[in-house]
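Participant:
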Amino acid sequence: MYDFAVVGVGPAGARFARRAAEAGYDVLALEKGEVGTPLACSGHVSTDIWDYVPDEARDHLFQNRIYGADFHVGGPNSKAYPFYKQTEVSNVIDRVELDRTLADCAREAGADVREGYTVTAIDELDDRVRLTVSVAGEAGTVAFDAKMVAGCDGPASRVRRSLDLPEPGETLHGVLAFDPDPDDGDFVDVHLTVPRFFAWRIPRGDAGVEYGLAAPPGAEVNEMFDVLTDTYDVETEHFCSGAIPIGPLDRTTTDRAFLIGDAAAQTKPFTGGGILYGMTAADHAAETIDPDDPATLADYEAAWRDELSREIRLGHLVRKCYSFPEWLQRVGLRSLSGEIGVHMDRPSSFFSREHLKKLF
């Protein structure tokens, strides 16, 4: 019997598997397909990402550095309101390779990472959790037992639904695609032209340009995406689509299970990104949870909320600005644009001494 079974080997699952294996636990990590595919997430991340991967991985992950963003209340020809730093704000990376790199880190730490293993049922017993799993290319199913299970299986988490944990308060529909023409620009473009969210254009250096948007259910995202690319006069390829959970959940643990990352809706409400939040929560899980002591699940619940709940709460407030009337958006952007001192993953940094000095 394993100490931990990890369902889903995205950034959150791979990070937890690595940290738990490094702590000496027997870890099984199952990915239903091939790690990193299908792509359903942007590769625009804060520079904190380099704290989570080996130094030698930077060369094959890095694509471009970003110094700021031009905000628009209209299309690409509308007035731009720049927000920027003198130093790089963020990086653009190869998102597929990030997942593979993190999974390799988990393997090197001793985790048993398996691809093509789809969890079909989860039974929480008194002293263990039993996973029923189908294996790609094989008939029938196999069973695995673990003292605890980590649900890191994304927005439509089977672990969450099987164990009757709460659903996210909202799920956005995100789409993105790529123009292969190189662009080494150092600003992203953000368009507040989508209901209750935004559209974006991200230069990726030699890898081309990423175009994308997200919107609430019911919005015609494909049509809005066509409008976005038409106004930029580009043809895109490798179209991707995915769900973005917005939370947080009221509860992320049961007697022998816990959720991390998108499965727990540990995402930024104002951008939809969840890589850093998910891996931060994974670290807290590895530091607090003892598979032989279910009571420690409460310590994980408290730890990740202490770290992230304020940022998520402030992120919801930032997102409300996307629905302001256009005239008010212009006033706000005009008054706040310029050099900034904020961290892209931490809305609380708006009140930091560095940013307030820039603002005033």
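Residue numbers (full-length UniProt numbering): 1 to 360.
The C-beta atom is built at its ideal place from N, Cα and C for all residues, glycine as well.
1) So, with DSSP's three-state summary, where would you put Asn222?
2) Taking the alpha-carbon of residue 390 as reference, which of Ile340, Pro347, Ser349, Arg346 has the nearest alpha-carbon?
3) Alpha helix (DSSP H) containing Cys105: first to last residue?
4) Apart from the five residues on each side of it in sequence, which residues of its chain come closer than 7 Å, Cβ to Cβ, to Phe16?
5) Which of the three DSSP states, helix, strand or coil, is assigned to Ile275?
6) Using the C-alpha atoms, what's the distance from Lys32 back to residue 363?
7) Who are the near neighbours of Phe197 in its chain, counting only those whose CB is closer than 8 Å to its CB and skipping five residues on each side?
8) For the segment 127 to 145 and the segment 221 to 234, state whether three or more C-beta atom pairs, one from each stretch, are separated by less than 8 Å.
9) Strictly by DSSP, which residues pair up with Thr141?
10) Under the DSSP definition of a beta bridge, which residues are partnered with Trp200?
11) Find out if the Cβ-Cβ distance for the pair Thr120, Leu61 is shorter than 8 Å.
12) Alpha carbons only, please: which of Pro347, Gly338, Trp200 is nearest the one belonging to Pro82?
13) Between Gly24, Ala257, Thr252, which lies nearest to Arg305 when the distance is taken from Cα to Cα?
14) Could you pull the start and end residues of the beta strand (DSSP E) that Arg114 belongs to?
15) In the DSSP output, which residue or residues are listed as bridge partners for Ala243?
16) I believe Glu56 touches Ala109 by the beta-carbon criterion, under 8 Å. Please report the beta-carbon distance rounded to the nearest angstrom.
17) Please confirm if the segment 91 to 106 is in contact with the segment 35 to 46, defined as three or more CB-CB distances below 8 Å between the two stretches.
18) From this set, Leu308, Val342, Arg256, Ser241, which residue's C-alpha is nearest Leu249's C-alpha?
19) Applying the 10 Å Cβ sphere with the 16-neighbour rule, what's the burial state of Leu176?
20) Which partner residues of Tyr2 appear in the DSSP bridge assignment?
21) With distance defined between alpha-carbon atoms, name the residue in Gly10, Glu88, Pro294 nearest to Val188.
22) Under the rule that 16 or more other beta-carbon atoms within 10 Å means buried, what is Asp3, buried or exposed?
23) Identify which residue in Val73, Leu336, Pro166 has its Cα closest to the Cα of Gly358.
24) Taking C-beta to C-beta, are Leu28 and Asp112 nearer than 8 Å?
25) Ends of the beta strand (DSSP E) at Ser309?
26) Within the continuous alpha helix (DSSP H) that includes Gln63, where are the two ends?
27) Can you say whether Arg334 is buried or exposed, counting buried as having 16 or more other CB atoms within 10 angstroms of its CB?
28) Taking Arg160 as the reference, give the member of Ser349, Gly8, Glu311, Gly332 with the closest Cα.
29) Starting from the Cα of Ile202, find the closest Cα among Gly218, Ala219, Pro180 and give me that residue.
30) According to DSSP, Tyr81 sits in a beta bridge with which residue or residues?
31) Helix, strand or coil for Gly332? Go by DSSP, reduced to three states.
32) Does the distance from the C-beta atom of Ser46 to that of Ser90 stay below 8 Å?
33) Could you check where the alpha helix (DSSP H) with Leu28 kicks off and where it finishes?
34) For Phe270, which three-state DSSP category applies?
35) Using the three-state DSSP reduction, which class does Ser323 fall into: helix, strand or coil?
Facilitator: On the basis of the data shown:
1) helix
2) Only positions 1 to 360 of the chain appear in the structure, and residue 390 is not among them; the question remains open.
3) 95 to 109
4) Val6, Ala150, Cys152, Ile260, Ala282, Ala285, Ala286
5) helix
6) Residue 363 cannot be examined here, being either before or after the span of the chain that is shown, 1 to 360.
7) Leu172, Leu213, Ala214, Ala215, Pro216, Gly272, Arg319, Tyr322
8) no
9) Ser134
10) Val190, Gly212
11) no
12) Gly338
13) Thr252
14) 112 to 115
15) His173
16) About 16 Å; that fails the 8 Å criterion.
17) yes
18) Leu308
19) buried
20) Ala146
21) Glu88
22) buried
23) The amino acid occupying residue 358 in the given sequence is Lys; Gly does not appear at that position. The shortest Cα separation from Lys358 among Val73, Leu336, Pro166 belongs to Leu336.
24) yes
25) From DSSP, Ser309 is part of no beta strand (DSSP E) but of the alpha helix (DSSP H) over 297 to 320.
26) Segment 62 to 66 is the beta strand (DSSP E) holding Gln63; no alpha helix (DSSP H) there.
27) exposed
28) Gly8
29) Pro180
30) Phe71
31) helix
32) yes
33) First-last for Leu28: 27 to 31, but that is the beta strand (DSSP E), not the alpha helix (DSSP H).
34) coil
35) helix
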